[in-house]
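Numbered per full-length UniProt numbering, the sequence shown finishes at 288, counting up by one with no gaps.
Ideal Cβ placement from N, Cα and C applies to all residues, glycine included.
What follows is a single structure, written as structure tokens, with notes after it.
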Amino acid sequence: RVAIIGAGSLGASVAYALLMLNSAKEIILVDLSTGILEGQVLDLFDAAYSTKTLVRSGTFQEAGQSSIIIITADRPQGINETRKTWLQKSRKLIQSIAVSMEPIHPKSLVVVAADPVDVFVRYLYEKNHVGRSRVFGTNGTAAATMRLQRWIADITSTRSKNVVVYVVGSEEHPVVLWHSAKISGQPVRSLPILIDNRHMIPSIVSCEKRLKIKSLKGDACFGKGAHLARLVHDILIHNTCTHIVTVYIQKVQTCLSIPVSLGRTGIQYILEPELSPDEAGSIQVAVE
């Protein structure tokens, strides 16, 4: 069973994408806004006719006993609201969500897709609601990684699955691991066409696209929803997969987006690509 906390645009997009992938036996949506919740469930129920997935509304307690819990509910920062005030109120929100789900099943995986991702992930880890390997988030670096993979594949006339490249750090400070990037095992830094066009990479991995979408329609939910659904599908169906996720790093006491191997038990191990001195320095800036 997959539980989605938050029945807004992103939560519904994740649920719809999961239905199209036919990944879960059951999807439950949880939201305090009962009207929106009922409307989304009724709409998704129709979309589920051609699948074997049951879609229904549920409680926070039911969510806490689910195989995978996706948190999409957040509190947008007000126009005149300081970041400090927003972060304080966001902590209260995740505290309320976590307490409402208690006791969270020890084998549950919690995927945070709400902003601020790092605050939510850190809170769930530090307050012992979920084990470190079982709570992680996803933000713009995951989407940036996919955009960069697709761009490299297009410019070199190859398939995206043959491209290995990661964008790590944070959404505000993305770091492209170019030194270890490869196409079918060959380093990309040795390919003339990529050397000549490398100046395009900063615009590809920046968060400007997401900000533009939000300014035009209020929320960038389809791309993020599709990515979340693929992540859940990979965990449930393929059992072992590599994704960029946001995790709490005890050594530096902060959250970073890094490549990890995921499975049904959560984070199996952290990938450690070889870094150039510049990349290592940029990651340190993201940490600070």
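Listed in chain order, the non-local C-beta contacts of I155 below 8 Å within the same chain comprise I193, L194, N197, local neighbours out to five positions each way being set aside. Sequence-distant Cβ neighbours of D46 in its own chain, meaning closer than 7 Å and more than five residues away, do not exist here. With a beta-carbon spacing of about 7 Å, I27 and I4 fall inside the 8 Å limit used to define contacts.
Minimum Cα-Cα distance from D278 among the listed residues K251, S180, S206 corresponds to S180. Taking the Cα positions, A226 is about 14 Å away from A144. Counting C-beta pairs with one atom in each stretch, the region 112-125 and the region 72-91 have three or more that are closer than 8 Å, which means they touch. Judged by beta-carbon spacing, R1 lies beyond the 9 Å limit of L29, meaning their Cβ atoms are not closer than that value. Distance from the CA of H173 to the CA of A12, rounded to the nearest whole angstrom, comes to 29 Å. Excluding its 5 nearest sequence neighbours in each direction, I235 has C-beta neighbours in its own chain below 6 Å: L262, listed in chain order. Nearest in C-alpha terms to N139, of all of L21, V247, L19, G266, is V247. Boundaries of the alpha helix (DSSP H) harbouring I195: 192-197, taken from the DSSP string. Ranking R230, K224, V167 by CA distance to the CA of E272 puts V167 first. Across the set P202, E38, E62, the C-alpha of E38 shows the shortest separation from the C-alpha of A7.
Non-local beta-carbon contacts of S160 in its own chain, meaning distances under 6 Å to residues more than five positions away in sequence, involve Q149, R150, A153 in chain order. Secondary structure at K209: helix, using DSSP grouped into helix, strand and coil. Fewer than three beta-carbon pairs drawn from the region 199-215 and the region 119-127 are found closer than 8 Å, and the two stretches are therefore not classed as touching. For A280, there is no enclosing beta strand (DSSP E); the enclosing alpha helix (DSSP H) covers residues 277-287. Shown here for V41: same chain residues with a beta carbon closer than 7 Å to its own, the five before and five after excluded, namely L29, V55, R56, S57 in chain order.
Rounded to whole angstroms, the separation of the alpha carbons of C221 and C207 is 14 Å. Taking the Cα of V135 as reference, the smallest distance to any Cα among V110, I36, R264 is reached at V110.
For R75, no beta strand (DSSP E) segment is defined, and its DSSP state is neither H nor E. DSSP places G223 in the helix class (H, G or I) of the three-state scheme. The C-beta distance from F60 to S33 rounds to 14 Å, too long to fall under 8 Å, and the pair is not in contact. Shortest Cα-Cα distance from A63 to any of P106, I270, Y269, K84 involves P106.
Per DSSP, the continuous alpha helix (DSSP H) segment holding V99 begins and ends at 83-101. For P202, the three-state secondary structure derived from DSSP is helix. Between S96 and F120, the gap from beta carbon to beta carbon reaches 9 Å or more. Look at K52 here: in three-state DSSP terms it is coil, with no helix or strand label.
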